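So the sequence lines, in the order shown, correspond to chains R and F.
Here the numbering used here is used: the first residue of the first sequence is 1, the next is one more, and so on.
Here the numbering used here is used: the first residue of the second sequence is 1001, the next is one more, and so on.
For each residue, glycine too, the CB sits at the ideal point set by N, CA and C.
Here the structure is a predicted model, which is why all the values come from computation and not from measurement.
First comes the structure, then the notes that go with it.
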Amino acid sequence: MNKISISLNLNGTDRTILVYPNRRVVDLLREDFKLTSVKEGCSEGECGACTVIFNGDAVTTCCMLAGQADQSTIITLEGLAKDGELDLLQQCFLDEGAVQCGYCTPGMILAAKALLLKNQSPTEAQIKLAMSGNLCRCTGYQKIHAAVKSAVVIYKDKMAQGGESID
Amino acid sequence: MTKEYSVIGKSQVKVDALEKVLGTTKFAADYNLPDMLYGGVFRSTVAHATINSLKLEKAKALGGVEAVLDFHDIPGKNRFGIIIKDEPCLVDDKIRRYGDALAVVAARSPEILEAALALIEVDYNEIEPIFTFERALAADAPIIHGTTNIHQVKHLVCGDVDAAFERSDIIIENTYSTHRLSHMFIEPDAGIAYYDDEGLMTVVASTQNPHYDRNEVASLLGLPYNQVRVIQAATGGGFGGKLDISVQCHCALLTYHTRKPVKIVRSRSESTMVSSKRHPMIIKAKTGASRDGMLMALEVQMTGDTGAYASYGPAVITRAMAHCTGPYNIPNVRADATFVYTNNPMGGAFRGFGVPQVAVCHEGQMNQLARALSIDPIEIRIKNAHQIGSKLPTGQILENSVGFIETLEKARAKAEDVL
C-alpha cells in the first residue's frame, strides 16, 4: 500500500501529511498530529468520544479514513481556546459542573460547538438532538445540557450588547 | 446562626476541570515514551479447557516483535485477586472463561502486534463449560476451581422465623432474578509500564485501585513493594469496573522482559469481554406481615454467579445478605446465600455491591404487600421504616442519622406535585 498526501486545515493551520489511506482519522489526529483530546471510546461511531468538527459538522473520527480528511477543515478541542481565552462553551462546562471524568468532554463540547456554529438560538429539543450522539457515563447529562443552554443564553446577551459572533 | 463557609454550600469548579475542558488532561492511552512498545494479549476463544499446546514460535520470529511471553515467563506469583488470589495473569493450569489471557506480546507498532497475535496457535482440550447456577452445583459437573464450584455460602439468622410466619396474617412469596451488567465506563482500560530514572518498575494506568495494583505487580514480578510504583492516570470512569487488575500486570511483565516502556490499550470489545460485571442473582423471598401491615418475618434464599473468578464476590454476597430486609424493621429473619463459580464473565464490584439486587426483591415484596392489604405503598413503608434506634438483623443498632422517613415524605410530596 502506498502512502497518500493529505492536506487539511487543522485548528486554523494548513497541514500536509503522508499517510496510509486506510489510517483512521482518529489515529491521524491522535498519533500523527498528537492531538490527544480526541478520545477513542467504542471504535464504532456509537459513543461520540472521538467527535471533531469536520467541515462544520460534528463527526466521529473512528469511522473515517484519512483520505476523507483531504481538503477538509477540522477543529479539535485543542483549537477552541483562542489566545489563552476559553471558548464560551468551555467556560460554561466549567461553571455548570458539566465535567466529571472528562473523557467524553472533548466530544461533548465539540458537538455543542458544531450546533452553535449553525444555530445560535437552538431550542431545548435541538440541543438534545445535537448532543444525542455523545455518551456520558458519569454525569447523567443534566449538567451538560445546562452548560450548553447557559452558553446559548450568555451568547444572546452578548449579541444584544453588540458582541462578536460565535466563531 | 448560620455560619458562612468558603466552600461548603457553594458551587465549586472541579479541581481538574480546566485541563479537561482544554483537552490537555492525560489519560493512560495518551502517554507515549521513547522506544515504547505496543503490548497486546492473546486470549482464549473457549470458556473452559486445558491447553494441549500453545505455539509462540512464529510470533516470536516476526520482525519487530520484542517479546512473546506465556506463564513460564512470570518470575513471581501467577495469581491475583482482590480478596481471593484465584485469577492468573497468564493461564497455567486451565482456561476458565472466554477471553482468558494465554500469552502477551510486545511489538514495535500496533500493526506488527496485531500480526504477531494472529500467528499464535493454541490447541485446546475442551471441558464442559458451566453457564448456570444449577449446573454448577450438579453432582456430575466439572469443577472450575479446587474441589467445589461453591464459591461462598453465608447465613444470617435473627429471631424465630418459623413462629413468626405462623403468627402472620399474610405471607407473600416471590422469586426475583437480576441480570449481569457491564459498567461500560467510557474509557477502555489502558496503561503503560516503564522503568523510571531510579530503576523503579512504574505503571501508569486507568485504575481505581493503584495501591492494590502495586501489590499485585510486585507479587507477579517477585519484587519488594518499594521497587514498584503505580500511578493512576486520569481515569475515564470505572464505577467499580476498574478496581480489578486489567492491563497493569501484562504491561509490567512485558516491560520486565524487554526493559522498554510497554503500552496496552484495550479495545472496547476486549474491555467488555474481560472486565468485571454486576453479579446476576436469583432471590427467593417469603415475607410475613400482620393485617395492619407490620412486617413480622422474612425468609430469603439468594444465589449468585461470581463467574470464573472471585473478584469482589465475597464482599458482594455479604452485603447482599446484610441488606436483604432493605430499610425496614423485620424482627425475624433467615437468609441463606450461595455464590458459585461458573465459566461466565467475572462478577465484581458494581455500584452497591449486591445491594441493588436485593432492593429489587424487598421493594417488590413491599409493593405486593401494600396491594394485598389495601394499604398505601408509602404508608406501609413508613410504618416499617428504619429510624434512629432500629436494630438490624445483623445486630447493629442504627445510632446516627437515618433519613428514610424524611426521604419518603419528600418523595411523596414531589410525586403529588407531578401527578
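Cutoff 6 Å; reference residue i; Cβ partners in own chain excluding five residues on either side
| i | result |
| --- | --- |
| Ile-1084 of chain F | Ala-1310 |
| Arg-23 of chain R | Ala-66 |
| Gly-1040 of chain F | Val-1105, Leu-1113, Leu-1117 |
| Leu-18 of chain R | Lys-3, Ser-5 |
| Asp-1189 of chain F | Ser-1206, Ser-1246, Val-1247, Arg-1266, Ser-1271 |
| Cys-138 of chain R | Gln-100, Cys-101 |
| Ser-1275 of chain F | Gly-1241 |
| Met-1321 of chain F | Lys-1154, Leu-1156, Ala-1335, Ala-1337 |
Residue i Cβ short of 7 Å to the ligand FMN heavy atom set
| i | result |
| --- | --- |
| Ala-1017 of chain F | Annotation note on the ligand FMN: not contained in the displayed structure, which lists no ligands. |
Residue i versus the options, residue with shortest Cα-Cα distance
| i | options | result |
| --- | --- | --- |
| Leu-28 of chain R | R:Ile-6, R:Ala-160, R:Ile-127, R:Ala-81 | R:Ile-6 |
| Ile-1130 of chain F | F:His-1250, F:Asn-1343, F:Lys-1410 | F:Asn-1343 |
| Asp-1073 of chain F | F:Arg-1371, F:Glu-1409, F:Asp-1092, F:Ala-1061 | F:Asp-1092 |
| Ile-154 of chain R | R:Pro-21, R:Cys-104, R:Pro-122 | R:Pro-122 |
| Asp-169 of chain R | R:Asn-11, R:Ala-147, R:Gln-68 | Outside the displayed range of chain R (1 to 167) lies residue 169 of chain R, so it cannot be described from this structure. |
| Asp-1100 of chain F | F:His-1048, F:Ser-1168, F:Leu-1392 | F:His-1048 |
| Glu-1198 of chain F | F:Met-1346, F:Gln-1227, F:Tyr-1256 | F:Gln-1227 |
| Arg-1108 of chain F | F:Asn-1032, F:Met-1302, F:Gln-1387, F:Leu-1056 | F:Asn-1032 |
| Ile-1282 of chain F | F:Pro-1314, F:Asp-1336, F:Ser-1275 | F:Asp-1336 |
| Gln-1208 of chain F | F:Ala-1233, F:Asn-1215, F:Leu-1223, F:Arg-1229 | F:Ala-1233 |
| Tyr-1098 of chain F | F:Tyr-1124, F:Asn-1078, F:Tyr-1225, F:Ala-1370 | F:Tyr-1124 |
| Leu-1037 of chain F | F:Lys-1263, F:Phe-1027, F:Glu-1087, F:Gly-1307 | F:Lys-1263 |
| Tyr-1176 of chain F | F:Gln-1012, F:Leu-1018, F:Met-1346, F:Ala-1359 | F:Ala-1359 |
| Gln-1357 of chain F | F:Val-1300, F:His-1211, F:Val-1007, F:Leu-1419 | F:Val-1300 |
| Met-159 of chain R | R:Ser-132, R:Gln-120, R:Ala-147, R:Ile-127 | R:Gln-120 |
| Leu-1237 of chain F | F:Glu-1004, F:Thr-1407, F:Ala-1115, F:Phe-1027 | As written in the sequence, residue 1237 of chain F is Gly, which differs from the Leu given in the question. The shortest Cα separation from Gly-1237 of chain F among F:Glu-1004, F:Thr-1407, F:Ala-1115, F:Phe-1027 belongs to F:Phe-1027. |
| Ala-111 of chain R | R:Cys-92, R:Met-131, R:Glu-124 | R:Met-131 |
| Ile-1405 of chain F | F:Ala-1370, F:His-1386, F:His-1250, F:Asn-1329 | F:His-1386 |
| Ala-146 of chain R | R:Gln-90, R:Gly-133, R:Ser-43, R:Lys-118 | R:Gln-90 |
| Ile-1150 of chain F | F:Cys-1089, F:Val-1157, F:Lys-1020, F:Phe-1133 | F:Phe-1133 |
| Lys-1055 of chain F | F:Pro-1034, F:Lys-1020, F:Leu-1119 | F:Leu-1119 |
Interface partners of residue i on chain F, CB under 7 Å
| i | result |
| --- | --- |
| Arg-15 of chain R | Simply none; closest approach about 18 Å. |
| Cys-63 of chain R | What Cys-63 of chain R touches in chain F: nothing, since even the nearest Cβ is about 13 Å away. |
| Met-81 of chain R | Met is not the amino acid found at residue 81 of chain R; the sequence shown has Ala there. What Ala-81 of chain R touches in chain F: Leu-1022. |
Partner residues on chain R for residue i, Cβ-Cβ distance less than 7 Å
| i | result |
| --- | --- |
| Ala-1067 of chain F | Simply none; closest approach about 22 Å. |
| Leu-1237 of chain F | In the sequence as displayed, the identity of residue 1237 of chain F is Gly instead of Leu. Under the 7 Å cutoff, chain R gives Cys-101, Tyr-103, Arg-137, Cys-138. |
| Lys-1014 of chain F | Gly-97, Val-99 |
| Ser-1011 of chain F | Gly-97 |
| Ala-1017 of chain F | Leu-94, Val-99 |
Cutoff 8 Å; reference residue i; Cβ partners in own chain excluding five residues on either side
| i | result |
| --- | --- |
| Lys-39 of chain R | Ala-49, Cys-50, Tyr-103, Cys-104, Pro-106, Gly-107 |
| Gly-79 of chain R | Leu-10, Asn-11, Gly-12 |
| Ala-1372 of chain F | Ile-1170, Ile-1172 |
| Ala-1164 of chain F | Gly-1288, Met-1296, Ala-1297, Pro-1331, Asn-1332 |
| Ile-1095 of chain F | Ser-1044, Val-1046, Ala-1047, His-1048, Ala-1049, Thr-1050, Ile-1051, Leu-1102, Tyr-1124 |
| Ser-150 of chain R | Cys-92, Asp-95, Glu-96 |
8 Å Cβ cut-off: residues of chain F touching residue i
| i | result |
| --- | --- |
| Cys-170 of chain R | Residue 170 of chain R lies beyond the stretch modelled for chain R, which goes from 1 to 167, so this question has no answer here. |
| Gln-90 of chain R | Val-1021, Leu-1022 |
Amino acids of chain F, ordered along the chain, whose beta-carbon sits closer than 9 Å to that of residue i
| i | result |
| --- | --- |
| Cys-50 of chain R | None at all; the shortest Cβ gap to chain F is about 11 Å. |
| Glu-78 of chain R | Leu-1022, Gly-1023, Thr-1024 |
Neighbourhood of residue i by C-beta distance below 7 Å, restricted to the same chain and skipping five residues each side
| i | result |
| --- | --- |
| Ala-1252 of chain F | Ala-1193, Met-1201, Val-1203, Val-1217, Leu-1220, Leu-1221 |
| Asn-1367 of chain F | Pro-1377 |
| Asn-55 of chain R | Ser-72, Thr-73 |
Closer than 9 Å at the beta carbon, the chain R residues around residue i
| i | result |
| --- | --- |
| Ala-1234 of chain F | Cys-101, Gly-102, Tyr-103 |
Residue-chain proximity (residue i, chain B), Cβ-Cβ < 8 Å
| i | result |
| --- | --- |
| Ser-37 of chain R | Here the protein chains are R and F, and chain B is not one of them. |
Check distances from the C-beta atoms of the segment 96-123 of chain R to those of chain F and list, in chain order, the residues that come in under 7 Å. Gly-97, Val-99, Cys-101, Gly-102, Tyr-103, Cys-104, Thr-105, Pro-106, Ile-109
Contact list for the segment 1019-1030 of chain F against chain R, Cβ threshold 9 Å: Glu-1019, Lys-1020, Val-1021, Leu-1022, Gly-1023, Thr-1024, Thr-1025, Lys-1026, Phe-1027, Ala-1029, Asp-1030
For the 8 Å Cβ check, are there 3 or more pairs between the segment 1244-1254 of chain F and the segment 1137-1144 of chain F? no
Taking one C-beta from the segment 1348-1360 of chain F and one from the segment 1165-1181 of chain F each time, how about it: are there three or more such pairs within less than 8 Å? yes
Specify whether the segment 1255-1272 of chain F and the segment 1291-1300 of chain F touch according to this definition: at least 3 beta carbon pairs, one from each stretch, less than 8 Å apart. no
Closer than 9 Å between beta carbons: that is the criterion. Which residues of the segment 1265-1289 of chain F meet it against chain R? Val-1265, Ser-1267, Arg-1268, Ser-1269
Give me the subset of the segment 15-33 of chain R whose CB atoms are less than 7 Å from a CB atom of chain F, sorted by chain position. none
What residues from the segment 1176-1190 of chain F come within 9 Å of chain R, judged by C-beta to C-beta, listed N to C? His-1183, Met-1184, Phe-1185, Ile-1186, Glu-1187, Pro-1188
Flag this pair as touching only if the segment 1059-1067 of chain F and the segment 1008-1026 of chain F have three or more C-beta atom pairs under 8 Å; answer yes or no. no
The segment 1115-1145 of chain F: positions lying closer than 7 Å to chain R by Cβ: none
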